[in-house]
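Below you'll find the structure, written out as structure tokens, and then a few comments.
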Amino acid sequence: MTADDNRAAEGPDNVDETGAPSGGEAMDDNDAVWRLLSDLSEDDPVAPPVGLRAAVLAGARSEGANRPLPRADQLPAAGVPYLRQLIELSSLGPALIARTAQEPVLGEWTATDVLAHLLAVDALAGAALGLPTPPETGSGADVLTRTASARSGPAGASLREALAVWRAQAAAIARHTAAVGEPGMARQVPYLGTVMAAGDVLLDRAFETWVHAEDLRTVLGRPALDPAPGDVHLMSDLGVRMLPGAWLSAGGDLDDELVHLVLTGPGGGAWRVGPRGAAALPDAGPAGWRPGLAAVVVMDGIDFCRLAGGRAEPHSVPHRVEGDRAAGAHVLAATALLARP
Amino acid sequence: MLPDHAEVILTDDELVRRLGLGDEVALAAAYDRFATMVHAVATRVCGERHAAEDVTQQVFLQLWTSPGTFDGHKGSLRGWLAVLAHRRAVDWVRREAVRSRPSDARVDDPAPSAEEQAMDATVARRVAAAVDQLPETYREVVRMLYYEELPVRVIADRLGIPEGTTKTRLRAARQRLAAELAAAGWAGA
């Protein structure tokens, strides 16, 4: 069959007398025409200016800021805690603007600085996930450089602006998470000098957002707001899995010690922590020391999170050690090493 | 700079599904894949650099806000974006003709008007007619590539000619078509 035969079989034209597309097959022909036309144009293209891409993406972010957030049931499990912290921190916005724009919240940082910091580190996470990082989210590849850059930009000049830019980016992260779904969570991405699963990056962001939301609630005189139990569990699990690396990267030595860490309270659980890794124990069972274990460390799950977030000290955080007290102290010290600015 | 995963080729349907959920990564991927083409169509029709940029931005904003108006059963995303680029560019040309302001573009109403549909059909007819006027050796490669969607390798096999010759014929055919359509006016209106 020749091309002409095909053409005859398809009919003389792909539009009816009114000029409207005349049916399914004809639409295919129309598509062929437009693909041909697009190739004709592209044969001798004038490349769009470099800045146009950023302008298009900035326009999209600005438009997207007015859209509703995705629902929790649209997100993979690892994305849900971040969405909830995004909502909780957003809800503090009006009170922060009314009362605390210039008040120190964390050291010398004001609420504006805290938001600029979250904005900057979220941008590093966003970049890892493939999202655009507009200039107002700061520049630089590490937390401190990027934070300084964001603080010196428009977000650092106004709490209202910091909140708006932070929230627009956070919403973009949540929407991307909904779009890639569960299959996207296992993808390994570069983040803060290491490589981790995209789902863990989101848990890290949820965790830090909660830590700083607690700082802001404190300055507002509001009570602490624990994450939902399921979120506590996921964030604790990430923290526990990072313990061996944190300990070793700080020059520590776990001496082949095997420790069980039991976190109590809503969202708690039990984990086996050793020099080569950490894993959740499928069935916590009755916690207690047994031969083969260096120690069992028991503490409240929220206290563990506060210790990992730099909001508690190893020597003062309530805990109980069964077995070797030094091994137990190693675990607490390693947890405190997880804290970063 | 996008990490390597953004370069994974998503299908039209997957791109549009993600855009429907407001995924900026999907928009960036669509831009990287189609912006040169959209900008080229706009440049051809408008003949003016700033207008082509404006049209390109409008097309991708429309893709972002109304991805649901693309129907994968009716054609390719590439073809659909070419249609949008052409429509928006013709809008600009017409506004210029009456000296109105370029920013009056109707990007917020993604549904094509009856007039726009008629214009699309006119362009489609014009292109189809130009294809019909091509010498047979050119016409057959164009039809096989665009209408039958055959890969160049298969076209070469069918015609019993080398792939290089097939590509040469395609290039020559497109040059003739471009010249023909330029003479007739790309705006098609």
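Going down the list, the sequences are from chains A and B. Counting from 0, one number per residue, gives the positions in the first sequence under numbering that gives the first Met the number 0. Counting from 0, one number per residue, gives the positions in the second sequence under numbering that gives the first Met the number 0. For glycine and all other residues, C-beta sits at the position ideal for the given N, C-alpha and C. Because the structure is a prediction, the values reported are computed rather than measured.
Quick one: grab the DSSP three-state call for E102 (chain A). coil
So E87 (chain A) contacts chain C; which residues on that side make the cut at Cβ distance below 7 Å? Although the question refers to chain C, the structure presented lacks it and instead comprises the protein chains A and B.
When the Cα atoms are used, what is the spatial distance from T64 (chain B) to P317 (chain A)? 52 Å
Report the residues of the region 47 to 59 of chain A with a CB closer than 7 Å to any CB of chain B, ordered along the chain. P47, P48, L51, R52, A54, V55, L56, G58 and A59
Chain-ordered neighbours of V45 (chain A) on chain B, where CB pairs are closer than 8 Å: H38, A39, T42, R48 and A51
At a CB distance below 8 Å, what residues from the region 160 to 184 of chain B approach chain A? Give them in sequence order. R170, R173, Q174, L176, A177 and L180
Tell me where the beta strand (DSSP E) around D299 (chain A) begins and ends. A294 to D299
Please state whether DSSP places P134 (chain B) in a helix, a strand or coil. coil
Any C-beta of chain B within less than 7 Å: which residues of the region 156 to 175 of chain A qualify? A171, R174 and H175
Extent of the continuous alpha helix (DSSP H) run through P80 (chain A): V79 to S90
Name the DSSP bridge partner or partners of H259 (chain A)? A:R271 and A:V295
May I ask you to verify whether the region 142 to 156 of chain B touches the region 50 to 57 of chain A, counting CB pairs closer than 8 Å and requiring at least 3? no
By alpha-carbon positions, which one of A:H175, A:L91 and A:G152 ends up nearest to M184 (chain A)? A:H175
If you draw a straight line from the C-alpha of L331 (chain A) to the C-alpha of L118 (chain A), how long is it? 29 Å
Within 10 angstroms of the Cβ of P150 (chain B), are there 16 or more other Cβ atoms? Answer buried if so, exposed if not. exposed
CB-CB length for V210 (chain A) against E102 (chain A), believed under 8 Å: Actually they are not in contact, since the Cβ atoms of V210 (chain A) and E102 (chain A) sit about 18 Å apart, beyond 8 Å.
State the DSSP-derived secondary structure class of Q25 (chain B), mapped to helix, strand or coil. In the sequence under discussion, the amino acid at residue 25 (chain B) is Ala, which differs from the Gln named in the question. Helix.
Once you ignore the five residues that flank E139 (chain B) on each side, which residues in its own chain have a CB closer than 8 Å to its CB? L158
Short Cβ contact (8 Å threshold) for D272 (chain A) with L260 (chain A): The displayed chain sequence assigns Val, not Asp, to residue 272 (chain A). In contact: V272 (chain A) and L260 (chain A) (Cβ atoms closer than 8 Å).
Using only alpha-carbon positions, find the residue among A:N65, A:A110 and A:A277 that is nearest to S157 (chain A). A:A110
Partner residues on chain B for G139 (chain A), Cβ-Cβ distance less than 8 Å: Under the 8 Å cutoff, chain B gives no residues; its nearest Cβ is about 14 Å from G139 (chain A).
In the DSSP output, what is V142 (chain A) paired with across the bridge? None; V142 (chain A) has no bridge partner.
Against chain A: residues of the region 6 to 28 of chain B by CB proximity under 9 Å: R16, R17, L18, G19, L20, G21, D22, E23, V24, A25, L26, A27 and A28
State the start and end residues of the unbroken beta strand (DSSP E) segment that holds R216 (chain A). R216 (chain A) -> not in any beta strand (DSSP E); alpha helix (DSSP H) instead, spanning A197 to V218.
Please list, in chain order, the chain A residues whose beta carbon lies closer than 9 Å to that of T191 (chain B). Summary: the structure shown does not reach residue 191 (chain B), with chain B confined to residues 0 through 188, and so no result is reported for it.
In chain A, what lies closer than 8 Å to G71 (chain B) by C-beta? Chain A residues near G71 (chain B): none, gap ~10 Å exceeds 8 Å.
Hey, R204 (chain A) and D121 (chain A): beta-carbon distance below 8 Å or not? yes
Classify P222 (chain A) as buried or exposed, calling it buried when 16 or more other Cβ atoms lie within 10 Å of its own Cβ. exposed
Going by C-alpha to C-alpha distance, which of B:Q174, B:E179, B:R17 and B:L9 sits closest to G67 (chain B)? B:R17
With which residues is G322 (chain A) paired in a DSSP beta bridge? A:A294
What residue from A:D28, A:R275, A:D236 and A:R216 has the CA that sits closest to L91 (chain A)'s CA? A:R216
Inter-residue Cα distance where the pair is L85 (chain A) and G137 (chain A): 19 Å
State yes or no: is the C-beta of T35 (chain B) within less than 8 Å of the C-beta of P44 (chain A)? yes
Quick one: give me the first and last residue of the alpha helix (DSSP H) that V191 (chain B) is part of. A query on residue 191 (chain B) cannot be resolved here, the shown segment of chain B reaching from 0 to 188 and no further.
Looking at chain B, is there any beta carbon in it that lies within less than 8 Å of the beta carbon of A31 (chain A)? yes
Identify, in the order they occur along the chain, each residue of the same chain with its Cβ nearer than 6 Å to the Cβ of P313 (chain A), setting aside the five sequence neighbours on each side. L331, A332 and A335
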